[in-house]
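Chemist: This is the structure, below, for whatever I ask next.
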Amino acid sequence: MQKRKNIRLLLSLIVMIILIFGFFVFNNNSKNYPSVDKQIFQITNLEKIDRIVLQSTKEKIELTFNGTKWVVNGTHEADRQMITVLFAALKQVEAKRKVASSIQDSVKTEISKNGIKISCYEGAAFVKEFWSEGNQQKSETYFQLGDGIPYLVTIPGYRVYVASVFEVPTNDWRDKRVFNFNWQNFKSLEAVFPTDPKQNFKVSFQNKFFGIEGISADTIKLNNFLDAVSLLRADRILTNEQGKIYDSLTSLSPIETITIQDIASRSYELKIFPIQKGKPIVIAKTKDEIVELNSLALKEIFKRRDYFISKEE
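With our numbering applied, the sequence shown corresponds to residues 12 to 324, in that order.
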């Protein structure tokens, strides 16, 4: 009996020691990481922000809402999904804690050298400005207000590298639609196959419907084709420097050229170049830029004249 009593007392003592130790650890951690204002980097009335400037030592990106859509650097329509991600990050980001004092100076130096300055405006009024930078492993993100103390930030419930949202280069902010125009103004589409000209065809408005000149076309196939062309998106829009690696490929004759004309006689051209063996991307060129297309998307638009001939013909 006495032995059991001693065991119970020993167990009680162990439990008390564990509780005391746990309290000590928790209390010590609380001293190391004092509470912070989690919303310090969030923006009141975020929905009213209509201009965001992302500036680094490499480039300056200005995203502006013109009343109907977001525009990149005043020229190109912005990718809606990218804008959605940007605003979601700005809305949900929270300061987790101040960066440890032992590394504050090095983090501040890194931010000043390589950080990205995010400036938010409502009309002409300046609303918020802070800097963003991540660690080398791209596992942690630091935000800093002006010359203040950097904070480790996070999006609650997600294990994401928050800084990646602001590190996106200019072209990746752009809408990736290849034929980016109002399709209500569509007039005609011409497909040319240089190595097999008999398969060339032209789509135009005929008797209140779109048809292919010279043949009775399968309307379902034709409509699906036009839908695929209108929805075609590039995986990437390359800069002039990035496009140089494909100089030898784009000097070759294209395997297909698609030219679309609208009712104002403006033309939109896409040249598709030979598929590279073992690569999942296809290189194409608009009038001004090299783009990378997904090979699966190409299958939907690489259609020859014979494909559309109606079986009832």
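Note that beta-carbon positions come from the ideal geometry of N, C-alpha and C, so glycine has one too.
Could you say which of 49, 70, 57, 295 lies nearest to residue 180 if we only look at CA atoms?
Modeler: Looking up residue 180 in the sequence shown gives position 169. For residue 180, the nearest C-alpha among the options comes from 70.
Chemist: Consult DSSP for residue 136 and reduce its assignment to one of helix, strand or coil.
Modeler: The residue given as residue 136 occupies position 125 in the sequence shown. Reduced to three states, the DSSP call for residue 136 is strand.
Chemist: Less than 9 angstroms between the beta carbons of residue 91 and residue 47, yes or no?
Modeler: Numbered from 1 along the sequence shown, position 80 holds the residue referred to as residue 91. Numbered from 1 along the sequence shown, position 36 holds the residue referred to as residue 47. No, the pair does not count as a contact, with Cβ atoms beyond the cut-off.
Chemist: Using three-state DSSP, classify residue 191 as helix, strand or coil.
Modeler: On the sequence shown, position 180 is the one that residue 191 refers to. DSSP places residue 191 in coil when its eight states are reduced to three.
Chemist: What's the C-alpha gap between residue 314 and residue 239?
Modeler: For the purposes of this step, residue 314 is identified with residue 303 of the sequence shown, where counting begins at 1. For the purposes of this step, residue 239 is identified with residue 228 of the sequence shown, where counting begins at 1. If you take the alpha carbons of residue 314 and residue 239, they lie about 11 angstroms apart.
Chemist: Name the one or two DSSP bridge partners that residue 108 has.
Modeler: Numbered from 1 along the sequence shown, position 97 holds the residue referred to as residue 108. Answer is 163.
Chemist: Any heavy atom of the ligand SAH closer than 8 angstroms to the beta-carbon of residue 117?
Modeler: Summarising the ligand content, the structure contains no ligands, and the ligand SAH is consequently not present.
Chemist: Considering only C-alpha positions, which residue in the set 261, 168, 321, 292 is nearest to residue 100?
Modeler: To locate residue 100, count along the sequence shown from 1; it is residue 89. When each option's Cα is compared against that of residue 100, the closest is 168.
Chemist: Give the DSSP-derived three-state secondary structure of residue 240 in the structure shown.
Modeler: As a working note, residue 240 is residue 229 in the sequence shown. Here residue 240 sits in helix by DSSP.
Chemist: Grab the span of the beta strand (DSSP E) containing residue 284 for me, first residue to last.
Modeler: Taking the sequence shown and counting its residues from 1, one reaches residue 284 at position 273. Segment: none, residue 284 is in no beta strand (DSSP E) and carries neither H nor E.
Chemist: Are residue 174 and residue 144 close, meaning C-beta to C-beta below 9 angstroms?
Modeler: To locate residue 174, count along the sequence shown from 1; it is residue 163. To locate residue 144, count along the sequence shown from 1; it is residue 133. In this structure, residue 144 lies closer than 9 angstroms to residue 174 by Cβ.
Chemist: Just mark residue 285 as buried or exposed, buried being the case when its beta carbon has 16 or more other beta carbons within 10 Å.
Modeler: Taking the first residue of the sequence shown as position 1, residue 285 is located at position 274. By the 10 Å Cβ count, residue 285 comes out exposed.
Chemist: CA-CA distance, residue 306 and residue 297?
Modeler: To locate residue 306, count along the sequence shown from 1; it is residue 295. To locate residue 297, count along the sequence shown from 1; it is residue 286. Those two C-alpha atoms are separated by around 17 angstroms.
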